[in-house]
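The structure appears below as structure tokens.
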Amino acid sequence: MEIRYFGHSSFLIQTKSVNIVCDPYGADLGLKFPSGVKADIVTISHDHYDHNNLKDISGNPYIIKEPGEFEIKGVNIFGVSSFHDNNEGKDHGMNTMFLIEVEGVTICHLGDLGQALSTNQINELDGVDVLLIPVGGTYTLNAKEAEEVILQIEPKIVIPMHYGVPGLKENLSPVADFLKEMGKENIEVQNKLTIKSSLDLSEETQIVVLERSSKF
């Protein structure tokens, strides 16, 4: 499978048989979402304009917006409820974290998580191979808080998302702040992450920074 980054919190998880898109964003964000994106499944962590842009997605996808258990085209997806802030949702509302099990690999997209995880949430997110985590602060976890959540989940690969970049109309910290917090300041940016088997993944947590893909 391949994991590509469309920017902000949006990813394409692509296998030979299925395309999964997470949190597609609208043009009001200041970034251009790739044209011609075709999906079989779309997960939306919460109903904000920078995470719920379905009009740019073709393919009549199955759309998942809420907690629960789903099985679509051989993909198992588990939605876990959480808060968009550290004030029990009173500031920014609710957020759904998604566990996506595909080709023997478990990917976790945290959406706009804004809280430290509870014991129950940690148990529900057990066995994560690849963690897609917000790191830019303001509306979500900041660099230090993201590090704490990574220690709670213990994934094999961490891919940061939801951070400040040129053109973005949200005041978020850059990914460099997160890399500095993690002591990984010299990481080379990759255009995609390719996983052939879960057996290929290191037991030690690795950080992968993906460049924003402007094309589908």
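In the numbering used here, the protein residues as written are 94 to 309.
Using N, Cα and C, we set each Cβ at its ideal position, and we do this for glycine too.
Touch test, the segment 106 to 117 against the segment 230 to 248, Cβ-Cβ under 8 Å, three pairs minimum: No, because fewer than three Cβ pairs between the segment 106 to 117 and the segment 230 to 248 fall closer than 8 Å, the two stretches do not touch.
Contained beta strand (DSSP E) runs [length at least 3] in the segment 137 to 165, N- to C-terminal order: List check, beta strand (DSSP E) in window: 155 to 157, 161 to 165.
Which of helix, strand or coil DSSP assigns to VAL242: Translated into positions along the sequence shown, residue 242 becomes position 149. VAL242 sits in a helix when the DSSP states are folded into three classes.
Nearest neighbour of THR136, chosen from SER175, PHE191, LEU124, ASN213 [CA to CA]: Position 43 of the sequence shown, counting from 1, holds the residue named residue 136. When SER175, PHE191, LEU124, ASN213 are compared, the shortest CA-CA separation from THR136 is found for PHE191.
Check: HIS177 C-beta below 7 Å from any heavy atom of the ligand COA: Summarising the ligand content, the structure contains no ligands, and the ligand COA is consequently not present.
Inter-residue Cα distance where the pair is LEU124 and ASP270: Indexing the sequence shown from 1 puts residue 124 at position 31. Indexing the sequence shown from 1 puts residue 270 at position 177. CA-to-CA, the gap between LEU124 and ASP270 works out to about 21 Å.
Exposed unless 16 or more other CB atoms sit within 10 angstroms - verdict on GLU238: Counting from one through the sequence shown, the residue named residue 238 turns up at place 145. GLU238 comes out buried.
Unbroken beta strand (DSSP E) run spanning GLU95, endpoints: In the sequence shown, residue 95 corresponds to position 2, counting from 1. Run containing GLU95: 95 to 100, per the beta strand (DSSP E) assignment.
Same chain, Cβ closer than 8 Å to PHE309, neighbours up to 5 away in sequence not counted: The residue given as residue 309 occupies position 216 in the sequence shown. Counting only Cβ-Cβ distances below 8 Å, and skipping sequence neighbours, we find LEU105, PRO127, SER128, GLY129, VAL130, LYS131.
Contacts around GLY197, its chain only, beta-carbon distance under 6 Å, and the 5 residues preceding and following it disregarded: Here residue 197 refers to the residue found at position 104 of the sequence shown. So the list reads SER291, once near-sequence residues are dropped.
Where the beta strand (DSSP E) containing PHE171 begins and where it ends: Taking the first residue of the sequence shown as position 1, residue 171 is located at position 78. For PHE171, the enclosing beta strand (DSSP E) starts and ends at 168 to 176.
Contacting residues, own chain, Cβ-Cβ under 6 Å from ILE165 (five flanking each side not counted): By 1-based counting over the sequence shown, the position of residue 165 is 72. Here the set comprises ILE134, TYR155.
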